[in-house]
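These notes are about the structure you will find just below.
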Amino acid sequence: MQKRKVGVIDLVTKAPTRSMWARIMFPNFASIMPQVVSSWCEQDGHDVNLVVYTGFEDLADELPTGTDVIFITAFSHAAQLAYALSALLRSKGAVTVLGGPHARAYPEDAVKYFDYVLGFTDQEIIRSVLSDCSQHRPIGQHLAAAQQPQSLPGVRERWKFIKQTLDKAPLVKAVPMLGSLGCPYTCSFCVDSAVPYQPLEFDVLRDDLRFLRTKFKRPVISWHDPNFGVRFDDYLGLIEEAGPPGSMAFVAESSLSLLPEERLKRLRRAGFKAMLPGVESWFDLGDKSKTGSQVGMNKVRQVADHMNLIMRYIPYVQTNFVLGLDADEGPEPFECTKAFVDSAPAAYPAYCQLSAFGQAAPLNLEHQRAGRILPFPFHFLNTQSAMNVRPKNYNWVQFYRHMIDLTRHTFSPRALANRVRASGTLTVAGLNFLRGATAQGRGRAAYYSELCDRLETDRQFRAFFEQETNEVPRFFLDRMKNELGDLYEWLPRGAIHHDPNAYLASHQAGPPPIAVTPQPALA
Ligand code: SF4
C-alpha cells in the first residue's frame with residue numbers, strides 16, 4: 000500500500016476554554032480510539048501526526064499540514080467543530096474521515112461533510128480507507144465492521160501517543176485503558192447496551208500494567224470500560240498479578256450491583272481511588288443498583304447507605320443520574336435526589352438530562368416514533384446544555400424549575416461545605432470543591448435559569464421547545480457562533496441543522512449503512 004501522511008485529531012472538547020477544571024482534567028479525558036488508529040497506521044508504515052484538542056490549543060496552529068488523510072474523532076457536542084475542521088482541511092486537499100460516537104450516532108448527517116464516516120472500526124476498515132484514500136463528495140462513504148475488534152493495541156503500543164497527551168496534564172496523569180467493550184445490561188437509553196459485552200485480552204492488559212510501572216513511580220490508570228468489573232475476579236486477578244497492592248491507582252465506572260463490600264475491600268487493596276457508579280433513576284433500573292423493586296425514598300436510603308459504604312473504601316465517588324426519564328413524574332424524583340445529596344454528602348452527583356443521540360441507543364427509535372426529538376444543533380448535545388427529548392411528564396418550565404432547584408441545592412455553600420468536609424482526602428476535597436464551585440456545578444443553575452426565563456418570556460424560544468417550529472432560537476446560534484470563533488466561517492451551509500428523525504427514516508427504509516465493509520474480527 001502507498002505510504003500516506005496521516006493526521007488524527009481527537010476533539011476532547013468543542014470550544015476554547017480557560018477553566019481550571021478543564022486545564023487539570025481534559026488531557027485525562029482523551030479517547031483511546033484516536034491512539035489506536037494512530038498505532039494501526041504506524042504499524043502499516045504510514046507517517047502519523049496526532050493532535051489532541053483540549054480547548055487550550057490554537058487549533059489553527061496545531062492542524063496537521065500536508066497530510067493525505069485526516070481522521071477526526073468527536074462526540075456529538077463537537078460535531079459542528081468537526082464539520083468546520085473537515086471543510087477547512089478539505090480546502091487544503093486532505094481527505095477527511097469521521098469516527099467516534101458522533102459518526103456512530105449520526106452517520107447519515109456526517110456523510111455530507113466527510114469523505115468517510117466510520118461505524119465499528121477495526122484495522123481492516125482503516126486499511127481500506129488508506130488504500131482507497133479518495134474524495135467522496137458530496138456524499139461520503141459509510142464504512143463499518145460487523146462488530147467491535149477482538150483486540151486493540153495496548154498501552155505499550157500506544158505509549159508514544161499516550162505520553163504526548165499526558166504531557167499536557169499539569170497534575171493528574173491518568174493513562175486510559177480498556178479492559179472490555181459493551182455491557183451485558185440493557186439500559187435502553189445507553190449507547191453501550193447495544194454493544195455485546197466482550198473482554199479484551201488479559202495477557203495484554205497485564206503486560207500493559209507492568210509496562211506502566213516502568214514509566215511512573217505509581218501509575219494512575221483510568222479504565223474506559225462502560226461497566227468495569229462485570230468479570231470482577233478475572234480483572235482484579237490480573238491487576239494483582241501485575242504489581243503489589245498499592246503500586247498503581249485506578250479509576251473505573253461500574254454498576255452499584257457489582258460493588259458489594261467484599262469486592263470493595265479487594266478494590267481498595269488493589270488501589271482503586273475513584274468509582275463512578277450509575278444510579279440513573281429513583282423510579283426505574285432497579286437491577287442496576289441492586290435495589291430491585293424499591294423506588295423513591297426507599298431506594299434513596301438504600302443507595303445512600305451503599306454509597307457511604309463505598310466511600311469507606313474508595314475515596315472519590317461520582318454518582319450519575321439521568322433526569323427527565325419517562326418513569327419520572329412530579330417533584331418526587333428531584334426531591335429524592337436532593338435527599339440523596341444530603342444523605343451521601345461526599346458522593347459527587349453528576350446530572351444528565353435525558354438525551355437521544357441519533358441511532359446510538361435502542362430507545363431513541365421509540366422517541367423518534369413518538370415525535371419527541373428536538374433538532375437542537377449537535378453543539379448542545381452534551382446531556383447538560385440541552386435536552387433533546389421532550390419530557391413525557393413535565394412541561395419545559397416545570398422541568399427546568401426542578402433542575403434549577405436541584406442544582407442550587409446540590410451546589411449550595413452548605414452542600415459544598417458538607418461535601419468538602421465529608422471528603423476523605425485533601426485531593427478529593429479539592430476536586431469536589433473545584434467541580435462544584437465552577438461552571439461544572441453552580442454555573443449550571445444560572446444557565447438553566449436563563450433557559451427558564453426565556454421559555455417564559457420569548458415566544459420564538461418557547462415555540463422551538465414546543466416543536467411548533469424547527470427554527471433554532473438565536474440564543475443557541477449566537478452561543479455556538481461565539482464558541483466556534485473563526486472556525487464558524489468554515490461551517491458548511493446547512494451544517495447547523497440535522498434531521499432529528501433520521502434514524503427512524505433509515506429504519507423504515509430497511510437496512511443498512513450506506514456502504515458496509517464487513518470484515519472478520521481482527522486476529
Ligand atoms: S449498566 Fe451502564 S454501561 Fe451498562 S447498559 Fe446500563 S448504563 Fe450502559
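Each residue of the sequence shown is one higher than the one before, starting from 0 at the first, in numbering that gives the first Met the number 0.
For each residue, glycine too, the CB sits at the ideal point set by N, CA and C.
Excluding five sequence positions before and after Asp46, the CB atoms of its chain that fall closer than 6 Å to its own CB belong to Lys4, given in chain order.
A contact between stretches requires three or more CB pairs, one per stretch, nearer than 8 Å, and the region 272-280 meets this requirement with the region 316-325. Positions of the alpha helix (DSSP H) runs, each at least 4 residues long and wholly inside the region 79-119, are given as 100-104 and 106-109 in order along the chain. Note on Met306: 16 or more other CB atoms within 10 angstroms of its CB, so buried under the neighbour-count rule. CA-CA distance, Met19 to Gly435, rounds to 12 Å. At least one heavy atom of the ligand SF4 is found less than 8 Å from the C-beta of Val190.
If you look at Lys272, you'll find it in the beta strand (DSSP E) that goes Phe271 to Glu279. In terms of Cβ geometry, Gln352 and Met310 do not form a close pair [threshold 9 Å]. Note that the C-beta distance between Met247 and Phe333 is not below 9 Å. Cys351 carries a strand assignment under DSSP once its states are collapsed to helix, strand and coil. The beta-carbon distance between Val154 and Asp121, rounded to whole angstroms, is 19 Å. This is too long to meet the 8 Å contact definition. Sequence-distant partners of Asp325 (beyond 5 residues in either direction) whose C-beta falls short of 6 Å from its own C-beta, in its chain, are Lys391. Under a 10 Å Cβ-count criterion, Gly245 is classified as exposed, with fewer than 16 other Cβ atoms of the shown protein chains found around its own Cβ. Contact check for Val7 and Phe25: beta-carbon distance about 17 Å, past the 8 Å limit, so the pair fails to qualify. Sequence-distant Cβ neighbours of Ala462 in its own chain, meaning closer than 7 Å and more than five residues away, are Thr468. In this structure, the C-beta of Pro195 stays at least 8 Å away from each heavy atom of the ligand SF4. Listed as beta-bridge partners of Leu10 by DSSP are Tyr52 and Ala73. Assignment of His141 by DSSP, reduced to helix, strand and coil, places it in the strand class. Nearest in C-alpha terms to Phe201, of all of Leu362, Pro152 and Cys182, is Pro152. Collapsing the DSSP output to three states places Phe28 in a helix.
In the structure shown, Pro175 falls within a strand segment according to DSSP collapsed to helix, strand and coil. Taking a C-beta distance under 9 Å as the contact criterion, Ala168 and Ile23 qualify as a contact pair. In the assembly as shown, Leu97 is a buried residue. Its beta-carbon has 16 or more other beta-carbons within 10 Å.
Residue Trp158 holds the alpha-carbon nearest to the alpha-carbon of Pro175 among Gly181, Trp158, Cys182 and Thr185.
Of the residues Leu380, Thr426, Ala428 and Tyr487, the one whose Cα lies closest to the Cα of His101 is Leu380. Following the DSSP letters along the chain, one finds Tyr487 in no alpha helix (DSSP H), marked with neither H nor E. Residue ranges of uninterrupted alpha helix (DSSP H) with 4 or more members, entirely inside the region 419-494 and ordered along the chain, are 425-436, 441-456, 458-464 and 473-483. Assigned with DSSP and collapsed to three states, Leu415 falls in helix. In the three-state reduction of the DSSP assignment, Glu328 falls in the coil class, being assigned neither a helical nor a strand state. Assigned with DSSP and collapsed to three states, Leu308 falls in helix.
If you keep only unbroken beta strand (DSSP E) runs of at least 3 residues inside the region 344-413, you get 347-352.
Contact between the region 370-384 and the region 469-480 is established, with three or more Cβ pairs separated by less than 8 Å. Around the CB of Gln367, 16 or more other CB atoms lie within 10 Å, so the residue is classed as buried.
Not one heavy atom of the ligand SF4 sits closer than 8 Å to the Cβ of Ser179.
Between the ligand SF4 and Tyr184, a heavy atom-to-CB distance of less than 8 Å is present. The way I'd put it, the region 218-231 does touch the region 173-189; three or more beta-carbon pairs between them come closer than 8 Å.
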